[in-house]
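Peer 1:
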Amino acid sequence: MKLLIKNARVIDPKSKTDDILDILIEGNKIAKIDNNIKDNDADVFDAKGLVATPGFVDVHAHLREPGFEYKETVLSGSRAAAAGGFTTVCCMPNTKPVIDNQGVVEFILAQSKKAGLINVLVIGAITKGSKGVELSEISDLKDVGVVAISDDGNPVSNSEIMRRALEYAGMLDLPVIAHSEDTELSAGGVMHECYMSTKLGLKGITRVAEISMIGRDIELARYTGAHLHIAHVSCRESVNLIRDAKKSKVNVTCECTPHHFSLTVESLVDYDTNAKVNPPLRDIDDLKAIHDGLKDGTIDCIATDHAPHAQAEKDVEFDCAPFGIIGFETALALGITNLVEKGILSLNQLMEKMSYNPCKIINIDKGYISVGGEADITIFDPNQEWKVSLHNILSKSKNSPFIGKTLKGRVVLTIVGGKKVFAA
Amino acid sequence: MKVWTKKDLVGLEVLSKKEIELILETAASFREISTRQVKKVPTLRGKTIVLFFFEPSTRTRSSFELAAKRLSADTLSISTSTSAIKKGETLKDTMKNIEAMQVDAIIIRHSASGIAQTLANCMGPSIINAGDGCHEHPTQGLLDIFTIKEKKGRIKGLNVSIIGDIAHSRVARSNIWGLKKLGATVTVCGPRTLIPKDIEKMGVNVTTSLPQALKNADVINILRIQIERQKAGLFPSLREYAIRYGVNREKLEQYAKDDVLIMHPGPMNKGIEITPDIADGKFSVILNQVTNGIAVRMAVLYLVCQSHTEVVEQEL
């Protein structure tokens, strides 16, 4: 089977390509990239006016299976991811049971194979049951394909355990993804601590809960030499700490989410539980710092932290609602609307932070378009405006603060291994 | 002519100065009803008002119930122990069921900040906030302002100090919004651990010194201190709190004005935040607050129920 993409604006950050080209896909590989390719046997897709780029890679998502299938499944999450242009998604281990052994990893990979849509990669738990007490069998996890370890959602409080996790994972060349949060400092908090939390009468989470733990984790990474990847950076001082750590050659990378580069605490003014997220939405100064971090490369990549929750769970008292925002289907449009259109990143830089850079972080050979490479390609219209609505979200859960918002940039076709997995 | 158009009373933050004044004027006209032999007028005859209290309350609940009854409304009282909440139904589902019984207004008290706003956004009947978490307690704020105005003749230009656990107080927030809109100068005072982040942006002065808060104050509103806050590490002991922030005769005589008003939203911890002689003394208007609470709540019920009727008639 052959697929010929005609007249696309091909953006490939790795080779610094940005040209109008044709791409010929044969089987699961890219066979040819050139001007005016002709192939009578190929199925032709005219991509005039559209961008073709390496498929997006998300290093931080929650697919909820096993255990929370009412929120999302590997299948429903894969559909949503494909609709958002993601060809590879890494799922976090806070499932039930926790992904702390080979059995659960193999189950998820089997579910993904059955779904037959995108590449699902698995992130294993740092500690057994994500309880923060004993290390998981990390080497065993790596043997079945785990690409990183993390106790996302249940941050490792014990500094000794975090140190040993970095040492052990470092030995295996696995990155440790840190959800850096001092859970005693943030206990009971439901939003960013600021004037807004005072006005709303909600318990705040101070930035210090994040900054202090990022500081600890950076020092442990410096000491152990292991690769530390810091998840969902939310405030200025965090960006500053990471920038300084990189300057002094600490092996640290980090991500930010579309909601943290798009929104501030003002989104909570009407107690919208769909904007309740951890780390919380901060203020305008933090937003600017995140933009600066994206611009100067301190922030390596964009990750969605896609965190589906059922409507009944979000439709409750603000204090009781779970933290989390879905992210697959709005990530590209938020990047274009809030970063590219505002001159913070070029489209090429945005693509780099959504495809090539995430692959470097988890050490996978993807995220670029080249002859002989895997045909994971996303084609999108950078100019199409669309309104996010309950009806056009494919994810099983609809917990998005962007519902009702008009955004720019929409995925038209997602190709994984040469196969069309989403077509608008 | 002043017209009330709001379906709900969620808080004083969202009210204009004119709207607050309208409630106070309406309350003044209702005040006399409670002094009659027959304490009842037919104003809200045929209206159904639900009191939904998810937190224990004696004062506020009795006050609302009497206010509704003196306006001839039918009332239904529901408390957590008898509700479906414990059977796994969400609050919204429960409220939707109440709404389906075609009631006109729901008075709600709940420990979750924001719940009144959330329900107001999705429910047809009027929602009246009787205290939501640490957010607002608008009728308490209104009755405090009503009482100050009654005793001092004005609000504009007065110095009002609020003493205690500002961080967790919905009473403080409603007082601040209301008093600021009517032109008072407000000072909040308490240990640093009980002063919430950036509260000065609400337009108040902040001090951790009780003498500072007492000086020049025309009104001192003393908040209840809860023992749970001590257990949460917010202050060392009730003993130390009483010494540093408890209002007693010596401190008043040393620092306060001769005609100061002492207020407390109740229930009081006598001997901790306020000494009994002050609570029951000549400066105290604490029981006037309770009396005025009924008139203020009658005014609120009347105004929101009227607005609701008009809206419905327009729709028909």
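So the protein lines, in turn, are chains W and B. 0 is the number of the first residue of the first sequence in numbering that gives the first Met the number 0; add one for each residue after it. 0 is the number of the first residue of the second sequence in numbering that gives the first Met the number 0; add one for each residue after it. Each residue gets a CB set at the ideal place from its N, CA and C atoms; glycine is no exception. Given the structure is predicted, the values throughout are model-derived calculations rather than measurements.
(1) In angstroms with no decimal places, state the Cα-to-Cα distance between residue 281(B) and residue 227(B).
(2) Check the C-beta distance from residue 223(W) over to residue 169(W) and give it rounded, since I have them as a contact under 8 Å.
(3) Smallest Cα separation from residue 264(W): which of 296(W), 300(W), 293(W) and 206(W)?
(4) Output needed in chain order: residues of the stretch 295 to 317 of chain W with a Cβ under 7 Å from some Cβ in chain B.
(5) If we call anything under 8 Å between Cβ atoms a contact, is residue 213(W) one with residue 273(W)?
(6) Chain B beta carbons: is any one of them nearer than 8 Å to that of residue 406(W)?
(7) Using only the alpha-carbon positions, how far apart do residue 426(W) and residue 175(W) sit?
(8) Residue 246(B) and residue 219(B) - do their beta-carbons sit closer together than 8 Å?
(9) Look at the alpha carbon of residue 53(W) and the alpha carbon of residue 407(W), and state the distance between them as a whole number of angstroms.
(10) Using a Cβ-Cβ cutoff of 7 Å, what residues of the stretch 165 to 195 of chain W are near chain B? List them in chain order.
(11) Under the DSSP definition of a beta bridge, which residues are partnered with residue 85(W)?
(12) For residue 197(W), return the contacting residues in chain B, with the cut-off set at a CB-CB distance below 7 Å.
(13) Just to confirm, is the Cβ distance from residue 155(W) to residue 117(W) under 8 Å?
(14) Which first and last residues belong to the beta strand (DSSP E) in which residue 254(W) is found?
(15) For residue 134(B), which residues in chain W fall below 7 Å Cβ to Cβ?
(16) Report the neighbours of residue 269(W) on chain B: residues whose CB is nearer than 9 Å to its CB, in chain order.
(17) Between residue 319(W) and chain B, is any beta-carbon pair separated by less than 8 Å?
(18) Going by DSSP in three states, residue 341(W) sits in which element: helix, strand or coil?
(19) Between the alpha carbons of residue 295(B) and residue 230(B), how many angstroms are there, rounded?
(20) Have a look at residue 52(B) and residue 356(W) and give me their C-alpha separation to the nearest angstrom.
(21) Count the C-beta pairs between the stretch 201 to 219 of chain B and the stretch 31 to 50 of chain B that are closer than 8 Å, then say yes if the count reaches three, no if not.
(22) Go through the stretch 165 to 207 of chain B residue by residue and report every complete run of the alpha helix (DSSP H) that reaches 4 residues or more, in order.
(23) Residue 288(B): buried (16+ other C-beta within 10 angstroms of its C-beta) or exposed?
(24) Closest to residue 130(B) by CA distance: which of 113(B), 239(B), 183(B) and 74(B) is it?
(25) Pick helix, strand or coil for residue 401(W), following the three-state DSSP scheme.
(26) Using 8 Å for Cβ pairs, my map puts residue 286(W) next to residue 260(W). What's the rounded Cβ distance?
(27) If you draw a straight line from the C-alpha of residue 222(B) to the C-alpha of residue 195(B), how long is it?
(28) In the DSSP assignment, find the alpha helix (DSSP H) that holds residue 141(W) and state where it starts and stops.
(29) Residues of chain W with a CB under 9 Å from the CB of residue 356(B): which are they?
(30) On the CB-based measure, 16 or more other CB atoms within 10 Å of its CB, does residue 242(B) come out buried or exposed?
(31) Any C-beta of chain B within less than 7 Å: which residues of the stretch 214 to 233 of chain W qualify?
(32) So which residues of chain B does residue 203(W) contact, with C-beta pairs closer than 9 Å?
(33) What runs of the alpha helix (DSSP H), each 4 residues or longer, lie entirely inside the stretch 271 to 322 of chain W?
(34) Which first and last residues belong to the alpha helix (DSSP H) in which residue 93(B) is found?
(35) Let me know the secondary structure DSSP gives residue 255(B) once reduced to three states.
(36) Going by Cα to Cα distance, which pick from 198(W), 302(W), 199(W) and 195(W) is closest to residue 233(W)?
Peer 2: The answer reads as follows:
(1) As a working note, residue 281(B) is residue 282 in the second sequence. As a working note, residue 227(B) is residue 228 in the second sequence. C-alpha separation (whole angstroms): 31 Å.
(2) Counted from its first residue, the first sequence places residue 223(W) at position 224. Counted from its first residue, the first sequence places residue 169(W) at position 170. About 6 Å; that satisfies the 8 Å criterion.
(3) Taking the first residue of the first sequence as 1, we reach residue 264(W) at position 265. Residue 206(W) is the option with its Cα nearest to residue 264(W).
(4) 311, 314, 315, 316 and 317
(5) Residue mapping note: residue 213(W) aligns to position 214 of the first sequence, counting from 1. Residue mapping note: residue 273(W) aligns to position 274 of the first sequence, counting from 1. No, these two residues do not count as a Cβ contact at 8 Å.
(6) Within the first sequence, numbered from 1, the residue matching residue 406(W) stands at position 407. With 8 Å as the cut-off, residue 406(W) does not count as an interface residue toward chain B.
(7) Nothing can be reported for residue 426(W): it is not among the residues displayed for chain W, which extend from 0 to 423.
(8) Taking the first residue of the second sequence as position 1, residue 219(B) is located at position 220. Taking the first residue of the second sequence as position 1, residue 246(B) is located at position 247. Against a cut-off of 8 Å, the Cβ pair of residue 246(B) and residue 219(B) comes out as a contact.
(9) As a first step, residue 53(W) must be located in the first sequence, where it is residue number 54. As a first step, residue 407(W) must be located in the first sequence, where it is residue number 408. Straight-line Cα distance between these residues: approximately 19 Å.
(10) 192, 193 and 194
(11) Taking the first sequence and counting its residues from 1, one reaches residue 85(W) at position 86. Partner(s): 55(W).
(12) Here the question's residue 197(W) lines up with position 198 in the first sequence. Result: 195, 196, 197 and 198.
(13) As a working mapping, residue 155(W) is identified with position 156 in the first sequence. As a working mapping, residue 117(W) is identified with position 118 in the first sequence. In this structure, residue 117(W) does not lie closer than 8 Å to residue 155(W) by Cβ.
(14) Counting from 1 along the first sequence, the entry for residue 254(W) is found at position 255. Per DSSP, residue 254(W) belongs to the beta strand (DSSP E) from 251 to 255.
(15) Residue 134(B) sits at position 135 when you count from the first residue of the second sequence. What residue 134(B) touches in chain W: 199 and 200.
(16) As a working mapping, residue 269(W) is identified with position 270 in the first sequence. Correct list: 113, 116, 117 and 120.
(17) The sequence position of residue 319(W) within the first sequence is 320, counting from 1. Judged by the 8 Å Cβ criterion, residue 319(W) is in contact with chain B.
(18) Indexing the first sequence from 1 puts residue 341(W) at position 342. Correct three-state label for residue 341(W): coil.
(19) For this step, residue 295(B) is matched to residue 296 along the second sequence. For this step, residue 230(B) is matched to residue 231 along the second sequence. Looking at the two C-alpha atoms, the distance is approximately 35 Å.
(20) Mapped onto the second sequence, residue 52(B) falls at position 53. Mapped onto the first sequence, residue 356(W) falls at position 357. If I take the Cα positions, the gap works out to 53 Å.
(21) Flag = no, the stretch 201 to 219 of chain B and the stretch 31 to 50 of chain B do not touch.
(22) Taken in chain order, the complete alpha helix (DSSP H) segments of 4 or more residues contained in the stretch 165 to 207 of chain B are 169 to 180.
(23) Here residue 288(B) refers to the residue found at position 289 when the second sequence is read from its first residue. By the neighbour-count rule (16 or more Cβ atoms within 10 Å), residue 288(B) is buried.
(24) Residue mapping note: residue 130(B) aligns to position 131 of the second sequence, counting from 1. Nearest option by C-alpha distance: 113(B).
(25) If you number the first sequence from 1, residue 401(W) lands on position 402. Coil.
(26) Within the first sequence, numbered from 1, the residue matching residue 286(W) stands at position 287. Within the first sequence, numbered from 1, the residue matching residue 260(W) stands at position 261. Right, their Cβ atoms sit about 7 Å apart.
(27) Translated into the one-based positions of the second sequence, residue 222(B) becomes position 223. Translated into the one-based positions of the second sequence, residue 195(B) becomes position 196. Whole-angstrom Cα-Cα distance: 15 Å.
(28) Counting from 1 along the first sequence, the entry for residue 141(W) is found at position 142. From DSSP, the alpha helix (DSSP H) with residue 141(W) extends over 137 to 142.
(29) Summary: the structure shown does not reach residue 356(B), with chain B confined to residues 0 through 315, and so no result is reported for it.
(30) What you label residue 242(B) is simply residue 243 of the second sequence in a count that begins at 1. Burial call: exposed.
(31) none
(32) Numbered from 1 along the first sequence, position 204 holds the residue referred to as residue 203(W). What residue 203(W) touches in chain B: 195 and 196.
(33) 283 to 295 and 310 to 313
(34) Within the second sequence, residue 93(B) is the residue found at index 94, counting from 1. Per DSSP, residue 93(B) belongs to the alpha helix (DSSP H) from 90 to 99.
(35) On the second sequence, residue 255(B) is found 256 positions in, with the first residue counted as 1. In this structure, residue 255(B) counts as coil in the three-state DSSP scheme.
(36) Within the first sequence, the letter at position 234 stands for residue 233(W). Out of 198(W), 302(W), 199(W) and 195(W), 302(W) has the C-alpha closest to the C-alpha of residue 233(W).
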